[in-house]
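A short write-up of the structure that comes next.
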Amino acid sequence: MQKSVKLALNKFPAVPASLEDPAKPGSAVPEVTVELADLYHHYYLQSFDIAPPDPDPAHFEHVRLLEPITPFRFQHNGLGANKTKKQNNSNELGEAFCRWFLDRHLDISHVARIEDVRDHGALAMAHGVSVEKDTTEEGDAPDYFCVDSTGEVSLAEAKGSIASVGFNTVQFAKWRKQLIAFVCWIHRATP
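Under this note's numbering, the letters of the sequence shown match residues 446 to 636, in that order.
Written as structure tokens, this is what we have:
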């Protein structure tokens with residue numbers, strides 16, 4: 446089962462090939478198609494650190510509450526009947542979408558929660574990488590420490606919001622600041 450989601454990119458060095466609009470080379474497509482089984486897979490990974498035993502999206506509780514249309518939209522109270530439930534579900538879906546996007550469009554399949562790698566001595570000893578809070582910066586930690594297929598390290602921040610948030614808003618600026626509040630030190634051995 447597939448749904449569509451609107452897409453907007455901000456400050457990407459280049460539009461990933463999977464997102465490039467064939468009608469406008471160099472520009473991103475206005476929406477992406479999401480296979481719900483793939484989204485469920487990333488939702489389950491985020492929730493339980495294992496792949497779902499059955500990737501059938503029918504087991505994805507949110508699927509039953511989507512509107513029966515192509516755009517990814519919820520029915521009334523589909524995210525929850527109260528504010529707390531809506532926020533929690535929105536955050537969980539934001540994390541699933543982030544992991545799905547990293548994997549599907551940025552070739553990043555190695556994703557670790559920042560709290561699992563922050564100040565982790567074994568990571569520093571084995572791979573020469575340390576992730577630390579920059580004490581000169583205020584702000585929350587980003588959600589993920591990521592490594593792509595070439596070994597490139599990056600940080601990612603997942604967001605779920607009941608209302609859309611534009612790139613030129615105070616809220617977006619606050620979210621982006623989370624990525625500069627942490628430092629990744631990569632110590633490579635020289636031959």
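Every residue, glycine too, gets a C-beta built ideally from N, C-alpha and C.
When Thr515, Leu524, His504 are compared, the shortest CA-CA separation from Ala482 is found for His504. As far as DSSP is concerned, Phe517 takes part in no beta bridge.
Ranked by Cα distance from Val450, the first of Ile495, Lys622, Leu490, Ala473 is Ala473.
Three or more pairs of CB atoms, one per stretch, sit closer than 8 Å, so the segment 453–468 contacts the segment 550–568.
The straight-line gap separating the alpha-carbon atoms of Val598 and Val592 is approximately 5 Å. DSSP places Lys578 in the uninterrupted beta strand (DSSP E) bounded by 574–578. Per DSSP, Leu454 lies in no beta strand (DSSP E) segment and is marked neither H nor E. In the three-state scheme derived from DSSP, where H, G and I count as helix and E and B as strand, Lys528 is classed as helix. Leu568 and Ser594 have their C-alpha atoms some 18 Å from each other. Boundaries of the beta strand (DSSP E) harbouring Ala601: 598–601, taken from the DSSP string. In the structure shown, Lys604 adopts coil according to DSSP, grouped into three states.
Residue burial is scored here from C-beta neighbours: Gln491 has at least 16 other C-beta atoms within 10 angstroms and is therefore classed as buried. Assignment of His507 by DSSP, reduced to helix, strand and coil, places it in the helix class. Listed as beta-bridge partners of Val477 by DSSP are Val450. Within the same chain, and ignoring the five residues on either side of Phe617 in sequence, the residues whose Cβ sits closer than 7 Å to its Cβ are Val610, Gly611. With respect to the 8 Å criterion, Pro502 and Tyr489 are not classified as neighbours on the basis of their beta carbons.
Within a 10 Å sphere around the beta-carbon of Asp494 sit fewer than 16 other beta-carbons, which makes this residue exposed.
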